[in-house]
Every structure is written in C-alpha cells, then in structure tokens.
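Notes follow the structure.
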Amino acid sequence: MTATWTPTPDSTTPARLPLSIPTTARAARSGAGRRALRIAGVVLVVVLVIFFVGPIFWVVWGSIRNDGALSGANYARLVTYGEGLGTYLANTGVVVLLTVVGSLVVSVLAGYAFARLAFPGSKALFVGILAILMVPHTSLLIPLYIWLDRLSLGNSLVGVSLVMIMYQMPFSVFMMRNAFESVPPELEEAALMDGCSPFGALRRVVLPAVAPGTITVALFAFLASWNEFVTPLILLSDGNKYTLPLALVNLVQGDWGMIDFGALQAGIIISAAPCIALFFFLQRAFVNGFTNGAVKG
Numbered sequence: 275m276t277a278t279w280t281p282t283p284d285s286t287t288p289a290r291l292p293l294s295i296p297t298t299a300r301a302a303r304s305g306a307g308r309r310a311l312r313i314a315g316v317v318l319v320v321v322l323v324i325f326f327v328g329p330i331f332w333v334v335w336g337s338i339r340n341d342g343a344l345s346g347a348n349y350a351r352l353v354t355y356g357e358g359l360g361t362y363l364a365n366t367g368v369v370v371l372l373t374v375v376g377s378l379v380v381s382v383l384a385g386y387a388f389a390r391l392a393f394p395g396s397k398a399l400f401v402g403i404l405a406i407l408m409v410p411h412t413s414l415l416i417p418l419y420i421w422l423d424r425l426s427l428g429n430s431l432v433g434v435s436l437v438m439i440m441y442q443m444p445f446s447v448f449m450m451r452n453a454f455e456s457v458p459p460e461l462e463e464a465a466l467m468d469g470c471s472p473f474g475a476l477r478r479v480v481l482p483a484v485a486p487g488t489i490t491v492a493l494f495a496f497l498a499s500w501n502e503f504v505t506p507l508i509l510l511s512d513g514n515k516y517t518l519p520l521a522l523v524n525l526v527q528g529d530w531g532m533i534d535f536g537a538l539q540a541g542i543i544i545s546a547a548p549c550i551a552l553f554f555f556l557q558r559a560f561v562n563g564f565t566n567g568a569v570k571g
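Residue numbering for the sequence shown follows this note's numbering, beginning at 275 and increasing consecutively.
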C-alpha cells in the first residue's frame, strides 16, 4: 500500500490576510489625505495670487484703457499734469539719491565704529540709536520742521533728505554693525600687516565682505524715500518741489472734485515699477544681507 502526501496549508498564510487589509486601508486613507492637502494648498495659492496680483492687474489694465480702447492717453495726460511728471520724478530722484548716499555713509562709519572700536558708552549710545525706532516718525516732524527752518533748509529737498536719513539711521546702523561683526578681525589685521592703512583695509577688505549688508541698507533707504508721503507733505509747500507721491495725491483730489482715475492708475504704475524692478534685481543680496543681520542681532 502506497502512502499519499497531502500538502498542508501554510499555517502562516491565513494569519497574514487580516493584517494586509487594514494596512491597505491606512495607505489608501493616507494617499487620500495627501491629495486633499495638495488640493487645499493649490486652492490657497490660487486665492493668494488672485488677492495680491488681481489689484495689480486691474491697475495695469486701467492705466492702458481709455474710453473702452487700449491707448497711452492716460500716461500722456499724466506727463503734462501740474508741474509735469519730469519735475516730480526729478524731485523724487534727488531725495532718493541724497537719502541712499547719506544713509550708507552714516551707517557704514557708525556700524564699523560700534563693531570694531571700544569707546566709553558705546553700548548705551547704540541702544539709544535703536530706541528711535520706538518713536513714531510723525511725532518728530514738528520739531524737525522748526529746526530745518532755522537752518534755512525748510521747504527744500535737502531738508526732506536729512529727515529721511534720520529715519533710516537706527535700522541702517543696526544692520551694518551686525555685518561688520560677521567679518573675522583677522582679515583686517592681515591687510594691515601687508601694508594697508586702516582706511585702505576697510575699503579693500572689509567693505567687499559686507556688500550684502550695504545693498540691504541702500534698498531700504530707496524704498522708504521713494514712497514717503507724510514728510514731504509737512516740509514742502511749493508745488514745483513736490515729490511723486504728493503729485499723485493732488491727482486723487482732482480739480473741482473731478478725479482722473486713468491718469492716477498710470501714476501708480510709474511709482511702483522702479521698486518692483529693483527688488527683483537685488533680491538675493537683500535676503543674504537681511539674514546675516538678523542672525548676528
């Protein structure tokens, strides 16, 4: 009699079946959750893009649309408005140039002194400069107006620039002090041993190393002085010295209550374009300088 062998079912096989079912269910739920989060993220991004880009698109469209047709008539009316667009741009350019140069000179020298030189009261003086950030700028305008008038700088673009430099000084000095502290002193000492003068070591070795910080300071000074409205409004009284923001406000008020929305939208585009272009051009250096300053602070 021949014995037959019947294979017995693997004892482990039935035990795996109930385990695989909940694992697959969890994977399906996890995949559905990721898809839901991805869809929610896309919806959120679309909403944010519409919220921020939509008004810009509306202004651009309104600036090139006149009487139902595309044209440059709005820009043409803006060029000849008041004292002329060229006058307002030139006044704004003078204020911006003086503010940027003045802020860089003050912040570089003061930041280097606070970072490298030890003198009595340096910490108290630095804290005092930073404390200006806590004071609202508008509360300083009246005494500044009186002082500028006594110095024969009232109703002048130079006076407006000096006030803007003072506004920028706390942040600029803070940024440049942190930028100088991030540079190893050994680099400057090596330059001095190679025969450089202290000013030569600063110009040839230290300043190139803190270039992102100087670009950040210059960019902030540019944006603040280009868009400043309250300070020129208080300090300037002659229409031929108005900056671009003041001219746009007069355009909003209009003659006899009539507002030229097309020319106003064209002015907004001209006012915003340099800021957007400069930020995109210098954004990498701006982020590096701002990050270094924040980390050291």
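Glycine is no exception: its CB is placed at the ideal position from the N, C-alpha and C atoms.
None of these values were measured; they are calculated from a predicted model.
Check	Outcome
Residues of its chain near G461, where Cβ-Cβ distance is below 8 Å and the 5 sequence neighbours each way are ignored	It should be noted that the sequence gives Leu, not Gly, for residue 461. Excluding sequence neighbours, L461 sits near V479, V480 and A483.
Continuous alpha helix (DSSP H) assignments of at least 4 residues falling wholly in the segment 404–483	415–424, 431–455, 459–467 and 472–475
Local Cβ density within 10 Å of F555, reported as buried at 16 or more and exposed below that	exposed
Contact check, G487 vs M449, beta carbons under 8 Å	yes
Secondary structure of A350, DSSP reduced to three states	helix
Range covered by the alpha helix (DSSP H) that runs through S345	Unbroken run through S345: none, as it is neither H nor E.
Within 8 Å, strictly: CB atoms of V353 and M438	no
N- and C-terminal bounds of the alpha helix (DSSP H) containing N365	L359 to R390
Run of the alpha helix (DSSP H) containing P506, from where it starts to where it stops	V504 to L509
Sequence-distant residues of its chain with Cβ nearer than 8 Å to Y419 (five each side left out)	G428, I508 and L509
Cα-Cα separation, A314 to I330	25 Å
Residue burial classification, K397 (beta-carbon count within 10 angstroms, cutoff 16)	exposed
Exposure of N365, with buried meaning 16 or more beta-carbon neighbours within 10 Å	buried
Element boundaries [alpha helix (DSSP H), containing T488]	A485 to N501
Beta-carbon spacing of P444, L407 below 8 Å	yes
For N562 and L344, the rounded distance between their alpha carbons	41 Å
Exposed unless 16 or more other CB atoms sit within 10 angstroms - verdict on W335	exposed
Nearest to L372 (by Cα), restricted to the options L425, S430 and R424	S430
Buried versus exposed call for G307 [16 or more other C-beta atoms within 10 Å across all chains shown]	exposed
I489 and A559 closer than 8 Å at C-beta	yes
Distance between L363 and W421 (C-alpha atoms, nearest Å)	27 Å
Burial state of N257 (16 or more Cβ within 10 Å)	Residue 257 lies beyond the residue range present for the chain, which begins at 275 and ends at 571; the question has no answer from this structure.
Cβ-based neighbour list, G513, same chain, cut-off 7 Å, excluding 5 preceding and 5 following	G356 and E357
Spatially closest choice to V401 from V323, I550 and G385, by CA coordinates	G385
Distance CB(S381)-CB(V457) smaller than 8 Å	no
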